[in-house]
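Numbering (my numbering), first residue to last: 9 to 263. Glycine residues also receive a C-beta, built at the ideal position from the N, C-alpha and C atoms. All values derive from a computational prediction rather than experimental measurement. Notes to accompany the following structure.
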Ligand SMILES: Nc1ncnc2c1ncn2[C@@H]1O[C@H](COP(=O)(O)OP(=O)(O)O)[C@@H](O)[C@H]1O
Ligand SMILES: [Mg+2]
């Protein structure tokens with residue numbers, strides 16, 4: 009087991025707030041894929057700031073660059089231009105080893121398709137990640153499963169769980185390392201309305217009580233009603249950004 013600094017999201021949020029650093033700051037970020045005739049500009053000169061504990065919904069049609077943006081913030085891909093700072097740290101300035109630690113410890117990813125390992129139980133799916141990031145993996149995993157409301161099915165395999173339960177296991181897996189930043193890519197894209205609302209309520213609660221900063225991308229504009237802020241992405245650029253005066257509860261959403 010490699011050495012690591014355990015990052016408590018509350019401490020990280022407080023440290024970022026105290027230092028005045030936003031949870032996320034993107035400055036002039038661009039991303040281009042391919043070259044010549046196959047060149048695709050996925051993001052162009054994008055500026056975005058998210059404060060610690062904020063729940064931001066990023067809306068945009070398919071192909072507008074939502075997944076690219078999350079992958080850049082999560083350190084999975086590198087920008088072609090610009091600077092990305094997470095809690096004041098310029099992730100482009102990290103060396104390979106630091107970047108690996110950043111991805112492992114500081115960001116949690118939740119995807120549309122839950123990507124659970126079918127031959128591992130819910131508990132084991134979470135433990136695999138917990139073991140990478142500190143001691144007491146079993147207890148921490150159980151704690152994360154309890155927190156998102158699936159502790160009672162910890163010993164089941166993914167195939168024995170509903171879609172909503174599987175997504176909650178995936179969220180538990182993402183938060184077991186207590187990442188300050190939670191990046192969610194269409195997390196309700198393959199769930200029905202009721203299940204989707206439950207999963208969104210869990211994410212909302214993690215931002216409110218767990219002090220995670222949540223960046224959630226979706227093409228479902230209804231989800232924007234529960235955000236602290238909505239950012240619209242069009243053809244790789246931010247077309248609008250708006251604070252939500254009175255965010256509604258996830259249970260009130262309709263689609
Ligand atoms: N690895 C890649 N190689 C080439 N083009 C890509 C790659 N990933 C994304 N793109 C292109 O970048 C644009 C934005 O894609 P994406 O970020 O996936 O959008 P969204 O998630 O909003 O649907 C699209 O035109 C897409 O085809
Ligand atoms: Mg996408």
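>> Can you list, in chain order, the residues of its chain with a C-beta nearer than 8 Å to that of residue 146? Leave out the 5 residues immediately preceding and following it.
In response: Residue 146 sits at position 138 when you count from the first residue of the chain shown. So the qualifying residues of the chain are 131, 135, 138.
>> To the nearest angstrom, how far is the alpha carbon of residue 30 from that of residue 41?
In response: For the purposes of this step, residue 30 is identified with residue 22 of the chain shown, where counting begins at 1. For the purposes of this step, residue 41 is identified with residue 33 of the chain shown, where counting begins at 1. Taking the straight line from one Cα to the other gives about 28 Å.
> Which one of 198, 188, 189 has the shortest CA to CA distance from residue 176?
Replying inline: Counting from 1 along the chain shown, the entry for residue 176 is found at position 168. Nearest option by C-alpha distance: 198.
>> Using C-beta distances below 6 Å, list every residue in its chain close to residue 249, excluding the 5 sequence neighbours before and after it, in chain order.
In response: Sequence index remark: in the chain shown, residue 249 carries index 241 (1-based). So the list reads 239, once near-sequence residues are dropped.
> Based on the DSSP secondary-structure assignment, which residues constitute the bridge partners of residue 245?
Replying inline: Along the chain shown, one-based indexing puts residue 245 at 237. The partner list for residue 245 (beta bridge, DSSP) reads 242.
>> Going by C-alpha to C-alpha distance, which of 140, 163, 60, 208 sits closest to residue 109?
In response: Your numbering for residue 109 matches position 101 in the chain shown. Comparing Cα-Cα distances from residue 109 to each of 140, 163, 60, 208, the minimum goes to 140.
>> Just verifying my parser: in three-state terms, what is the DSSP assignment at residue 159?
In response: Taking the chain shown and counting its residues from 1, the one referred to as residue 159 is at position 151. Reduced to three states, the DSSP call for residue 159 is helix.
>> Using a Cβ-based criterion (distance less than 8 Å to any ligand heavy atom), does residue 225 qualify as near ligand 2?
In response: To locate residue 225, count along the chain shown from 1; it is residue 217. Residue 225 Cβ: within cutoff of ligand 2.
> Does DSSP put residue 263 in a helix, a strand or coil?
Replying inline: The residue you call residue 263 lines up with position 255 of the chain shown. Residue 263: coil per DSSP, three-state reduction.
> Just checking my contact of residue 191 with residue 78 at CB under 8 Å: how many whole Å lie between their CB atoms?
Replying inline: Against the chain shown, residue 191 aligns to sequence position 183. Against the chain shown, residue 78 aligns to sequence position 70. Indeed they touch by this definition, with Cβ atoms about 5 Å apart.
>> DSSP has residue 34 in a bridge; who is on the other side?
In response: Numbered from its first residue, the chain shown carries residue 34 at position 26. Looking at the DSSP assignment, residue 34 forms a beta bridge with 56, 92.
>> I need the straight-line Cα distance from residue 126 to residue 203, nearest angstrom please.
In response: In the chain shown, the residue the question calls residue 126 occupies position 118. In the chain shown, the residue the question calls residue 203 occupies position 195. The alpha-carbon atoms of residue 126 and residue 203 are separated by roughly 21 Å.
> How long is the line joining the alpha carbons of residue 104 and residue 87, rounded to whole angstroms?
Replying inline: For the purposes of this step, residue 104 is taken as residue 96 along the chain shown, with counting starting at 1. For the purposes of this step, residue 87 is taken as residue 79 along the chain shown, with counting starting at 1. Between residue 104 and residue 87, the C-alpha separation is close to 15 Å.
> Three or more C-beta pairs closer than 8 Å, one from the region 54-65 and one from the region 168-183: is that the case here?
Replying inline: no
> Just how far apart, CA to CA, sit residue 241 and residue 96?
Replying inline: By 1-based counting over the chain shown, the position of residue 241 is 233. By 1-based counting over the chain shown, the position of residue 96 is 88. Looking at the two C-alpha atoms, the distance is approximately 24 Å.
> In the structure shown, what three-state DSSP assignment does residue 29 receive?
Replying inline: Working through the chain shown from its first residue, we reach residue 29 at position 21. Coil, per DSSP.
> Mapping DSSP to helix, strand and coil, what is residue 226?
Replying inline: In the chain shown, counting from the first residue as 1, residue 226 sits at position 218. Residue 226 falls in the strand class under three-state DSSP.
> Is there at least one non-hydrogen atom of ligand 2 closer than 8 Å to the beta-carbon of residue 85?
Replying inline: The residue labelled residue 85 in the question sits at position 77 within the chain shown. No, ligand 2 has no heavy atom inside 8 Å of this Cβ.
>> Any residue with its Cβ nearer than 5 Å to a heavy atom of ligand 1 should be included. What is that list in chain order?
In response: 41, 48, 50, 70, 71, 72, 73, 74, 75, 76
> So the beta strand (DSSP E) residue 204 belongs to, where does it begin and stop?
Replying inline: On the chain shown, position 196 is the one that residue 204 refers to. Element bounds for residue 204: not the beta strand (DSSP E) but the alpha helix (DSSP H), 201-216.
>> Checking the sheet assignment: what are the DSSP bridge partners for residue 3?
In response: The question about residue 3 has no answer, for the chain in this structure spans 9 to 263.
>> One question on the structure: do residue 215 and residue 222 come within less than 9 Å of each other, judged by their Cβ atoms?
In response: In the chain shown, residue 215 corresponds to position 207, counting from 1. In the chain shown, residue 222 corresponds to position 214, counting from 1. Yes, they are a contact pair.
>> Any heavy atom of ligand 2 closer than 8 Å to the beta-carbon of residue 193?
In response: Residue mapping note: residue 193 aligns to position 185 of the chain shown, counting from 1. Indeed, a heavy atom of ligand 2 lies less than 8 Å from the Cβ.
>> On the CB-based measure, 16 or more other CB atoms within 10 Å of its CB, does residue 149 come out buried or exposed?
In response: The residue given as residue 149 occupies position 141 in the chain shown. Flag for residue 149 reads buried.
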